[in-house]
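Sequence order for the protein chains is A and B.
Numbering follows my numbering, in which position 88 of the first sequence is assigned residue number 88; successive positions increment by one, without gaps.
Numbering follows my numbering, in which position 1 of the second sequence is assigned residue number 1; successive positions increment by one, without gaps.
For every residue, glycine included, the Cβ atom is placed at its ideal position computed from N, Cα and C.
Only a predicted model underlies this, so the values are computations on that prediction, with no experimental measurement involved.
The block underneath contains the structure these notes are about, expressed in structure tokens.
Protein chains: 2
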Amino acid sequence: EQNVVSGIAYSRDEAKVTLVKVPDRPGIAASIFGPLARSGVNVDMIVQNIGADGMTDMTFSLGKDEIAKATAALEGEKAAIGWTDIVIDDTVAKVSVVGIGMRSHAGVASKMFNALAADGVNIKVITTSEIKVSVLIDRRYLELAVRSLHAAFGLEQEPAA
Amino acid sequence: EQNVVSGIAYSRDEAKVTLVKVPDRPGIAASIFGPLARSGVNVDMIVQNIGADGMTDMTFSLGKDEIAKATAALEGEKAAIGWTDIVIDDTVAKVSVVGIGMRSHAGVASKMFNALAADGVNIKVITTSEIKVSVLIDRRYLELAVRSLHAAFGLEQEPAA
Ligand SMILES: C[C@@H](O)[C@H](N)C(=O)O
Ligand SMILES: C[C@@H](O)[C@H](N)C(=O)O
């Protein structure tokens, strides 16, 4: 089918919070996002991969200006959630390739990941949706990554303001 | 703001493939999805959380009828990709809560995760997009999970065919 990549979306001032080694059993995800929701934290990506030895990591992304609110929300929840460590990284940017009618994400993902690899940009986190493949990368590579992705997908880039 | 959850989407016959402990350096994601794209594998979710000790896990989901094509595509790529193990799980279903105008995913995620927790359903993988929070769960809990999510979000459920 025709894969139409319509654009590159990005957000510069992102951060990620990872709760390292939380128990991988029912109720834990709820115990993390309940407090975040109640504190009005603006959570964007939520990423959980499969676990090992009954544990897994939980990562969420948010604007870097939300970090204080997120850590305040999670303070005092360590016993309820049971994380081993909490890693806060405010050095990331989010970049997404937006496509309409992607039957499979493999083609768009492969082209996106190749462009980033060619720049030597490490991909820290990946999530997908029907219309997007999104990654978190080191913020200092954002402009380079966005230029390379426009070129890889044959898109005109808006001139910088 | 008003969170409008418009529906629950689900896909019963899903599978996940996890490449365990791949090197977390530029080019690895490209080396995984290049072969999958060339073989025409219909990849849905791609999930990568942050790494540790220079390694991370890469998981992708696909229809269970695509597993043979995916494993064939990756055969012979072990040296190039460098995974420690490959875990294939054809017992999962995908469930998503679809919402319009979710400014933060925390509220919808928290309600979804609480509903699944109340059923004792373990959440194996989580990804998000602007309009969806998606999870992979054990397929045998799919009907229970879909009913509980309709109830939690006050949605009418279509009668089963
Ligand atoms: C880790 C977390 O997602 C857990 N599996 C739960 O169901 O809540
Ligand atoms: C693990 C994989 O995503 C790696 N970090 C890469 O950039 O290709």
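Chain A residues whose Cβ lies nearer than 9 Å to that of B/Gly24: Sequence index remark: in the second sequence, residue 24 of chain B carries index 24 (1-based). In the sequence as presented, Gly is not what sits at residue 24 of chain B; that position holds Asp. In chain order: Asn122, Ile123 and Lys124.
Residues, ordered as in the chain, of the region 89 to 115 of chain B that lie near chain A by beta-carbon distance below 7 Å: Answer in chain order: Arg103, Ser104, His105, Ala106, Gly107, Ala109, Ser110, Phe113 and Asn114.
Measuring straight from C-alpha to C-alpha, what distance separates A/Gly34 and A/Gly76? The sequence position of residue 34 of chain A within the first sequence is 34, counting from 1. The sequence position of residue 76 of chain A within the first sequence is 76, counting from 1. Each residue's Cα considered, the two are about 13 Å apart.
DSSP three-state call for A/Asp65: helix, strand or coil? Residue mapping note: residue 65 of chain A aligns to position 65 of the first sequence, counting from 1. Here A/Asp65 sits in helix by DSSP.
List the residues that DSSP assigns as beta-bridge partners of A/Phe60. Along the first sequence, read from residue 1 onward, the residue named residue 60 of chain A stands at position 60. A/Phe60 is bridged to A/Val17 and A/Ile46.
Nearest CA to the CA of A/Ser110: which residue from B/Gly7, B/Ser11 and B/Ile32? Within the first sequence, numbered from 1, the residue matching residue 110 of chain A stands at position 110. Nearest C-alpha to A/Ser110: B/Ile32.
For B/Ser11, which residues in the same chain have their Cβ closer than 6 Å to its Cβ, ignoring the five residues on either side in sequence? Sequence index remark: in the second sequence, residue 11 of chain B carries index 11 (1-based). Hits under 6 Å: Lys94.
In angstroms, rounded to a whole number, what distance separates the CA positions of B/Ile137 and A/Ser6? Residue mapping note: residue 137 of chain B aligns to position 137 of the second sequence, counting from 1. Residue mapping note: residue 6 of chain A aligns to position 6 of the first sequence, counting from 1. Linking B/Ile137 to A/Ser6 through their CA atoms gives a straight-line distance of about 32 Å.
For B/Ala152, name the three-state secondary structure that DSSP assigns. Taking the first residue of the second sequence as 1, we reach residue 152 of chain B at position 152. Three-state result, B/Ala152: helix.
Roughly how many angstroms separate the alpha carbons of A/Ala118 and B/Ala15, rounded to a whole number? Here residue 118 of chain A refers to the residue found at position 118 of the first sequence. Here residue 15 of chain B refers to the residue found at position 15 of the second sequence. A straight line joining the alpha-carbon of A/Ala118 with that of B/Ala15 spans about 31 Å.
Rounded to whole angstroms, what is the Cα-Cα separation between A/Val41 and A/Pro26? Numbered from its first residue, the first sequence carries residue 41 of chain A at position 41. Numbered from its first residue, the first sequence carries residue 26 of chain A at position 26. Distance between the alpha carbons of A/Val41 and A/Pro26 is about 23 Å.
Whole-angstrom distance between A/Asp65 and A/Ala152, CA atom to CA atom: On the first sequence, position 152 is the one that residue 152 of chain A refers to. On the first sequence, position 65 is the one that residue 65 of chain A refers to. Rounded to whole angstroms, A/Ala152 to A/Asp65 spans 32 Å at the Cα level.
Start and end residues, beta strand (DSSP E) containing B/Ala52: Taking the second sequence and counting its residues from 1, the one referred to as residue 52 of chain B is at position 52. Taken as a continuous stretch (DSSP letters only), B/Ala52 belongs to no beta strand (DSSP E), as it is neither H nor E.
Do B/Asp57 and A/Asn122 have their C-beta atoms within less than 8 Å of each other? The residue labelled residue 57 of chain B in the question sits at position 57 within the second sequence. The residue labelled residue 122 of chain A in the question sits at position 122 within the first sequence. Cβ distance not < 8 Å, so B/Asp57 and A/Asn122 don't count as in contact.
Quick one: does the C-beta of A/Asn122 sit closer than 7 Å to a heavy atom of ligand 2? Here residue 122 of chain A refers to the residue found at position 122 of the first sequence. Remark: the C-beta of A/Asn122 is in contact range of ligand 2, defined as less than 7 Å to any heavy atom.
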